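Read through the structure below, which is laid out as structure tokens, and then see the notes.
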Amino acid sequence: FGLAALEAMARGKPVVATQVGGIPEIIQPGVTGLLVPPGNDATLAQAIASLLASPTTAAEMGRNARRDVNERFNPEKLLIRLSDLVEVYLPGTGRAAEKLVPSNLTVGVP
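Under this note's numbering, residues 1215 to 1324 are what the sequence shown spells out, in order.
In structure tokens:
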């Protein structure tokens, strides 16, 4: 799934990863990090070097990564998505998650 990538993004770090598994669904190339083909060491090294050579670009990608994680993997939103999924398989239950999330709850990534 790419938990390590999500953890790095949540800490505001750009991710350089290979295009395998669920990683391409998480990383937005050039926005939140860089993706390289698997098994291509030279391309991987070049991608890492490009971010090291451009701290401004790396910092911008890191900010984008953190924002993306906060938007897409926000616990409140995940709870509502889960509730919607339950509604599909158990019709008539309504949006139970909305009732479970206190209106004053705010969630952020440290």
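Beta carbons: idealized from backbone N, C-alpha and C, even for Gly. Predicted model, so just to flag it, every value in this text is computed and none were measured.
Beta-carbon to beta-carbon, Val1229 and Ile1241 are separated by about 6 angstroms, close enough to satisfy the 8 angstroms threshold.
The C-beta of Thr1246 has 16 or more other C-beta atoms within 10 Å across all chains shown, which makes the residue buried. It is roughly 15 angstroms from the alpha-carbon of Asp1282 to the alpha-carbon of Ala1272.
Listed in chain order, the alpha helix (DSSP H) runs fully inside the segment 1254-1310 are 1255-1267, 1269-1286 and 1289-1303, counting runs of at least 4 residues. Within the same chain, no Cβ atom closer than 7 angstroms to the Cβ of Pro1269 is found once the five residues on either side in sequence are excluded. Under the DSSP assignment, Pro1238 falls in the alpha helix (DSSP H) whose first and last residues are Ile1237 to Ile1240.
Within the same chain, and ignoring the five residues on either side of Ala1261 in sequence, the residues whose Cβ sits closer than 6 angstroms to its Cβ are Val1230, Leu1248 and Val1250. Counting every other CB atom within 10 Å of its CB across the protein chains shown gives Gly1236 a total below 16, marking it as exposed.
Spanning the alpha carbons of Ala1222 and Arg1277 requires a straight line of approximately 11 angstroms.
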